[in-house]
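J.:
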Amino acid sequence: MKPDDRQAEWTVEEQSWEEIRQMFEDAGVPLTPEQEAQYQQANKQFKARIVPEFQAAPILFILRFLVMAILPRFVLDCVGGLLIGDAIVDYLSTMTQILTPEQREVWERSFNRDR
0 MKPDDRQAEW TVEEQSWEEI RQMFEDAGVP LTPEQEAQYQ QANKQFKARI
50 VPEFQAAPIL FILRFLVMAI LPRFVLDCVG GLLIGDAIVD YLSTMTQILT
100 PEQREVWERS FNRDR
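With numbering that gives the first Met the number 0 applied, the sequence shown corresponds to residues 0 to 114, in that order.
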């Protein structure tokens, strides 16, 4: 990876983080500094697990996300773990542990917004 690539990657991650933080603030349930640190750590761990998976089988990886977007919520609740893989299930579980019920509602609403 070239130095410019690292800078671009950092910029995208920082921009994404700012959007996430703003989403919670706009909803009136800002994250505490401890939650922010936990959230960022969870994102780093998630990325470290899914990047190799994507690189190994990009088509399969993308298809799994398409299936998630198409299936109704009740079906995903039953078989979602089988379709989306352990990394995503672990990430979603971590997020529900980090956030308060009010914050979780905002996060789930944004996560399911396009469904």
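For every residue, glycine included, the Cβ atom is placed at its ideal position computed from N, Cα and C.
#1: So, at 6 Å on beta carbons, what are the nonlocal neighbours of THR93 in its own chain, with the 5 sequence-adjacent residues on each side left out?
#2: Taking C-alpha atoms, which residue in ARG63, GLN54, ILE69 and TYR38 lies nearest to THR95?
#3: Determine the direct distance from the alpha carbon of VAL105 to that of GLN6, and round the result to whole angstroms.
#4: Taking Cβ positions, are TYR90 and GLN34 nearer each other than 9 Å?
#5: Where does ALA41 fall in DSSP's three states?
#6: For GLU101, I'd like the list of residues in its chain whose CB is within less than 6 Å of its CB, leaving aside the five on either flank, ordered along the chain.
#7: Nearest by alpha-carbon distance to ALA86: which of SER15, ALA68, PHE64 and LEU98 is it?
#8: Would you kindly work out how many angstroms separate the C-alpha atoms of ALA56 and LEU30, rounded to a whole number?
#9: Output the distance between the C-alpha atoms of ILE178 and ARG103, rounded to the nearest integer angstrom.
#10: Looking at the secondary structure, which residues open and close the alpha helix (DSSP H) in which LEU91 lies?
T.: To lay it out plainly:
#1: ALA41
#2: TYR38
#3: Low confidence applies to GLN6: its pLDDT is 47, below 50, so where it sits in the model is not reliable, and the reading given next is rough at best. If I take the Cα positions, the gap works out to 30 Å.
#4: no
#5: helix
#6: Excluding sequence neighbours, GLU101 sits near VAL28.
#7: PHE64
#8: 35 Å
#9: A question about residue 178 goes unanswered here, because the residues of the chain that appear run from 0 up to 114.
#10: 85-97
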